[in-house]
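Using my numbering, the final residue of the first sequence is 267, and nothing's skipped along the way. Cβ coordinates follow ideal geometry from the N, Cα and C atoms, glycine included.
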Amino acid sequence: MPELPEVETVVRGLAPLLENQVFGLAQAPWVKVIEPWELDEFNASLKGRTLLRIFRRGKYICCDCDGFYLVVHLRMTGRLYISAKPEGDDKWVRFSVALASGGFLAFSDARKFGRINLVTSLDFLEEKLGPEPLELKPEDYADIFQGSERTIKVFLLDQKKLAGVGNIYADESLFRAGILPTRKVSSLKRTERVCLGEKVMEVLSQSIVHEGATISWYRKPDGTQGESQKHFSVYGRGGQPCLICGTDITRIVLGQRGTHYCGKCQH
DNA sequence: CGTGGGACCTGAACGC
DNA sequence: TGCGTTCAGGTCCCAC
Numbered sequence: 001m002p003e004l005p006e007v008e009t010v011v012r013g014l015a016p017l018l019e020n021q022v023f024g025l026a027q028a029p030w031v032k033v034i035e036p037w038e039l040d041e042f043n044a045s046l047k048g049r050t051l052l053r054i055f056r057r058g059k060y061i062c063c064d065c066d067g068f069y070l071v072v073h074l075r076m077t078g079r080l081y082i083s084a085k086p087e088g089d090d091k092w093v094r095f096s097v098a099l100a101s102g103g104f105l106a107f108s109d110a111r112k113f114g115r116i117n118l119v120t121s122l123d124f125l126e127e128k129l130g131p132e133p134l135e136l137k138p139e140d141y142a143d144i145f146q147g148s149e150r151t152i153k154v155f156l157l158d159q160k161k162l163a164g165v166g167n168i169y170a171d172e173s174l175f176r177a178g179i180l181p182t183r184k185v186s187s188l189k190r191t192e193r194v195c196l197g198e199k200v201m202e203v204l205s206q207s208i209v210h211e212g213a214t215i216s217w218y219r220k221p222d223g224t225q226g227e228s229q230k231h232f233s234v235y236g237r238g239g240q241p242c243l244i245c246g247t248d249i250t251r252i253v254l255g256q257r258g259t260h261y262c263g264k265c266q267h
């Protein structure tokens, strides 16, 4: 599922329910989800700790648990929600942890790509993540989109350059900026780089307002769907007419990812 | 340094 | 109905 807007929506939905909660015992029906931890060691470290604050960094969900950070990555099909039962509310729950209030924080993940970790420092995240897109000014992007011979589409997906943009919002941002995904970063003029920065910020903030995109698996913590998918211009619209000019949207593969664009509106 | 392929996994959609 | 194929929002690792 999840790119920055989806993860942000999950964090905002969970914050009021989790902050100041005390963790009880955790279960991991699929223990690999907490690798390299063993369940008993994991519990020895987490049980009894208070969740002070939950926040997002890139596509990672970070919980400050007063001595440890609980870090969750949803990857493709992960869901995080509060359940009344330790086994959760669906058949793909890989992990759950009791809360002192009586409920359970459940992590469900059909494809088993997601991971939950417990660490004493978030330095490892800073080592692999670039800046937060929404904390930049459009002009800052002129410096970020530089020094590469890669295509701009592949570049946008590089979390080390910019944290949180995924396949959907890369395509949508490039459409709004009128830039072909196949362009080399080095070919972009300064005005195009700044424009793309503006559009990245616009697309991400609007998607947060719409509470993320439900294509298939993503759900808000309350179980309902996001609305962003109703506002896509190109993602998933291969072969359908461009909403601006009517030309069929093209679908190609770049960096092994489906890539959608309008050959007439984007240059 | 960059790219391409594969791995990690399961479920849904689609063709026959 | 059932079977096989293809595709999927992400990231990591290795070969070249």
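Through-space distance from residue j to residue i, alpha-carbon basis
| i | j | result |
| --- | --- | --- |
| residue 82 | residue 191 | 45 Å |
| residue 217 | residue 33 | 18 Å |
| residue 239 | residue 180 | 17 Å |
| residue 194 | residue 201 | 11 Å |
| residue 44 | residue 132 | 33 Å |
| residue 79 | residue 222 | 10 Å |
| residue 177 | residue 94 | 40 Å |
| residue 268 | residue 248 | Examination of residue 268 is not possible in this model, given that the chain is present from 1 through 267 alone. |
| residue 22 | residue 136 | 35 Å |
Coarse secondary structure for residue i, derived from DSSP in three states
| i | result |
| --- | --- |
| residue 9 | helix |
| residue 20 | coil |
| residue 259 | strand |
| residue 184 | strand |
| residue 15 | helix |
| residue 215 | coil |
| residue 40 | helix |
| residue 241 | strand |
Beta-bridge pairing of residue i - partner residues as DSSP gives them
| i | result |
| --- | --- |
| residue 45 | The partner list for residue 45 (beta bridge, DSSP) is empty, contrary to what the question assumes. |
| residue 98 | 104 |
| residue 251 | 260 |
| residue 73 | 60 and 115 |
| residue 26 | 97 |
| residue 151 | 184 |
| residue 109 | 78 |
Delimiting residues of the alpha helix (DSSP H) encompassing residue i
| i | result |
| --- | --- |
| residue 200 | 190 to 209 |
| residue 175 | 167 to 177 |
| residue 124 | 123 to 128 |
| residue 142 | 140 to 144 |
Residue i, enclosing beta strand (DSSP E) - first and last residue
| i | result |
| --- | --- |
| residue 55 | 53 to 57 |
| residue 80 | 78 to 83 |
#### Entry: Contact the region 107 to 116 vs the region 25 to 45: 3+ CB pairs below 8 Å
yes
### Query
Quick one: any contact between the region 257 to 265 and the region 165 to 175, if contact means 3 or more CB pairs under 8 Å?
yes
### Query
For the region 5 to 14 against the region 43 to 56, are there 3 or more C-beta pairs whose distance is under 8 Å?
yes
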